[in-house]
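Visitor:
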Amino acid sequence: MRGTIVTEIVMSAPRARGLFVLTAHPEGCRVLAERQWARAQAGFEAPLAKAAGKTALILGSTTFGYGSSTAMALRAAGFERIIGVGYETPPSFRGEKLAMSSPGWYLTGALHAADPNWRTYFADAFAATTRDRVIADLKAQGEQVDLVVYSVAAPRRSHLGQEWNSSLLVMGDPLEVVGLDFKSGQLKPIAVEAAHEIQVEHTRRVMGGDDLEMWANALLYSGTAAEGMTVTALSYIGPKLAPVRRMYWEGALGAAKQHIDATTQALNERLQSAVGGRAFTVMNPAVVTGASVAIPAMLRYISDYLGCDEAGQGIYDDPLDVGLHFAHSLYGDDEVWRSELDEEERLRLDQHELEPKLQEAIAALWEEQGEADPPEVTARGLARFRTEYAQLFGWEVEGVDYEAPCVPDSTLGEAEHVFDLIQSA
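Now the structure itself:
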């Protein structure tokens, strides 16, 4: 068991290792979470009638990104209860050195402080013990789930004594592409290896639909799936721009995403038969996330996208915009979601990103293939990317005094409806 950490410390700058930020700023995360929650509430003139009284289970709810944004939008839309699962750990001392919490710890604390109708499990979403505990609590409290949102992204997954690791590799021939260097801001060549068959299978095991299927089946078999339950998996397909398409949708990660599609299609039939429900994949647009900085070609592409948005050549939707779109589409009047399904029955929330004129503008920026300074539009987009990336960890948040002391610990326990299954394991 950990003791409560009450030490006030000054955190004026983040620590980083390579591309990855290692320290989250508690006050920055709190302020950002509160602002996003206020934005979510402002996204609805009144609660949506079809959302009233419903319960959502958000798997992957605790980081700044699609999961938490969708959760905020649903609660603001009128959902009665949000149940989230995410892997977060509290601050702790390692010897005499303080190890900060991840951003999701502080995000969760802010949301629970603002609204009592959240229930969060800090746990491994892949673990059978997590499913068992969530379902046991649902049954004990006489609750059923109306909506499942699957937004789990992880580098590895364990199940029945086996462990799989995902890979950011292409399929077929190796890929050589001119990408964007996060630190220097220069265009630089990147070589991406081709995945072996076992690496593709490992990636599918981690990022594919196996875990989603187990969650959906567990809810059905336990009687905790409400009549008409909807199961959604948040995903990404991206543009036809060759380097991005090869790296993502046609790569090892894309093979896993295509398995998600097949899983939701199979679940759709099962849910219709069992509870009159439905299941589908949701294709979201590209956004700034902790993962996108590390995917070859994606940093340049998203920087181009942000730069074009700044130049008035397109519209960039951040994760909360996407969450609001999701809530309005599924629970607004006229069942808008039906008109947003593609030929494979996937809900497309990526219309702004894939707008042809925007994609033409981005493709023109990729004509520069040498090792050089990027186009001005790309450079402006990278500057915005860096800011939004820092904000994911509570840094560069407007109005936060980074020279002022902050308390790295926020009290989160059962009194706050937060259940830490990691520490108790």
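The letter at position 324 of the sequence shown is residue 316 when you use the working numbering, and the numbering goes up by one with no holes. Glycine is no exception: its CB is placed at the ideal position from the N, C-alpha and C atoms.
1) Can you list, in chain order, the residues of its chain whose CB lies under 8 Å from that of Ala187, leaving out five sequence neighbours each side?
2) Roughly how many angstroms lie between the CA atoms of Ile105 and Trp387, to the nearest whole one?
3) CB His251 to CB Gly201, shorter than 8 Å?
4) Could you say which of Ala32, Ser94 and Glu168 lies nearest to Pro288 if we only look at CA atoms?
5) Taking only heavy atoms of the ligand MN into account, decide whether any of them is closer than 7 Å to the Cβ of Leu211.
6) Spatial neighbours of Ile127 within its chain, please: C-beta separation below 8 Å, excluding the five flanking residues on both sides.
7) Out of Leu263, Val280 and Ala278, which one is the CA nearest neighbour of Phe272?
8) Determine the closest residue to Arg237 out of Leu226, Gln351 and Val2, with distance taken between C-alpha atoms.
9) Go ahead and label Gly101 buried or exposed: buried means 16 or more other beta carbons lie within 10 angstroms of its beta carbon, across all protein chains shown.
10) Measure the C-alpha to C-alpha separation of Phe318 and Ala225 and round it to an integer number of angstroms.
11) Would the beta-carbon of Val192 fall within 8 Å of that of Ala247?
12) Just checking my contact of Ala68 with Gln28 at CB under 8 Å: how many whole Å lie between their CB atoms?
13) Only counting the same chain, and skipping five residues up and downstream in sequence, which positions put a Cβ closer than 8 Å to that of Leu172?
14) With a CB to CB cut of under 8 Å and the five nearest residues on each side skipped, what residues in its chain are close to Cys398?
15) On the criterion of 16 or more Cβ atoms from any shown chain inside 10 Å, does Asp325 qualify as buried, or is it exposed?
16) Determine which residues share a DSSP beta bridge with Cys398 and list them.
17) Enumerated in chain order, which unbroken segments of the beta strand (DSSP E) with a length of 3 residues or greater are wholly contained in the stretch 255 to 292?
18) Starting from the C-beta of Asp203, find all residues in its chain whose C-beta is less than 6 Å away, skip the five residues before and the five after it, and write them out in chain order.
19) Tell me which same chain residues have a C-beta within less than 7 Å of the C-beta of Ala146, skipping the five on either side of it?
20) Pull up the distance between the alpha-carbon of Val184 and that of Val285, whole angstroms please.
21) With a cut-off of 8 Å on the beta carbons, I'd call Arg338 and Met275 a contact; round off their distance for me.
22) Can you name the residues that DSSP bridges to Val13?
Guide: Reading from the atomic positions:
1) The count along the sequence shown starts at 1 and reaches residue 187 at position 195. Ser159, Leu161, Val162, Met163, Thr195, Gly243 and Ala244.
2) Translated into positions along the sequence shown, residue 105 becomes position 113. Translated into positions along the sequence shown, residue 387 becomes position 395. For clarity, residue 105 is Ala in the given sequence; the question names Ile instead. For Ala105 and Trp387, the distance between alpha carbons rounds to 21 Å.
3) Here residue 251 corresponds to residue number 259 of the sequence shown, with the count starting at 1. Here residue 201 corresponds to residue number 209 of the sequence shown, with the count starting at 1. Going by C-beta atoms, His251 is nearer than 8 Å to Gly201.
4) Numbered from its first residue, the sequence shown carries residue 288 at position 296. Pro288 has its Cα closest to that of Glu168, out of Ala32, Ser94 and Glu168.
5) With respect to the ligand MN, the structure offers nothing, as it holds no ligand at all.
6) Numbered from 1 along the sequence shown, position 135 holds the residue referred to as residue 127. The answer, listed in chain order, is Ala210, Leu211, Ser214 and Thr216.
7) As a first step, residue 272 is located in the sequence shown; it is residue number 280 there, counting from the start. For the residues Leu263, Val280 and Ala278, the minimum Cα distance to Phe272 belongs to Leu263.
8) Along the sequence shown, one-based indexing puts residue 237 at 245. The shortest C-alpha separation from Arg237 is found at Gln351.
9) The count along the sequence shown starts at 1 and reaches residue 101 at position 109. Its Cβ being crowded by 16 or more others within 10 Å, Gly101 is buried.
10) In the sequence shown, residue 318 corresponds to position 326, counting from 1. In the sequence shown, residue 225 corresponds to position 233, counting from 1. The alpha-carbon separation between Phe318 and Ala225 amounts to approximately 12 Å.
11) Locating residue 192 in the sequence shown gives position 200, counting from the first residue. Locating residue 247 in the sequence shown gives position 255, counting from the first residue. Yes. Within cutoff.
12) For the purposes of this step, residue 68 is taken as the residue at position 76 of the sequence shown. For the purposes of this step, residue 28 is taken as the residue at position 36 of the sequence shown. Not a contact, Cβ separation roughly 10 Å.
13) Residue numbering aside, residue 172 sits at position 180 when the sequence shown is read from its first letter. Cβ within range, chain order: Gln178, Leu179, Lys180, Leu291, Arg292, Ser295, Pro366, Thr370 and Leu374.
14) Walking along the sequence shown from the start, residue 398 turns up at place 406. So the qualifying residues of the chain are Glu0, Ile1, Val2, Met3, His17, Pro18 and Glu19.
15) In the sequence shown, the residue the question calls residue 325 occupies position 333. Exposed, since its Cβ has fewer than 16 Cβ neighbours within 10 Å.
16) In the sequence shown, counting from the first residue as 1, residue 398 sits at position 406. Cys398 pairs with Ile1.
17) 270 to 275
18) For this step, residue 203 is matched to residue 211 along the sequence shown. Phe118.
19) Taking the first residue of the sequence shown as 1, we reach residue 146 at position 154. Val198, listed in sequence order.
20) To locate residue 184, count along the sequence shown from 1; it is residue 192. To locate residue 285, count along the sequence shown from 1; it is residue 293. Spanning the two alpha carbons is a distance of roughly 15 Å.
21) Indexing the sequence shown from 1 puts residue 338 at position 346. Indexing the sequence shown from 1 puts residue 275 at position 283. About 5 Å; that satisfies the 8 Å criterion.
22) Translated into positions along the sequence shown, residue 13 becomes position 21. Val13 is bridged to Ala8.
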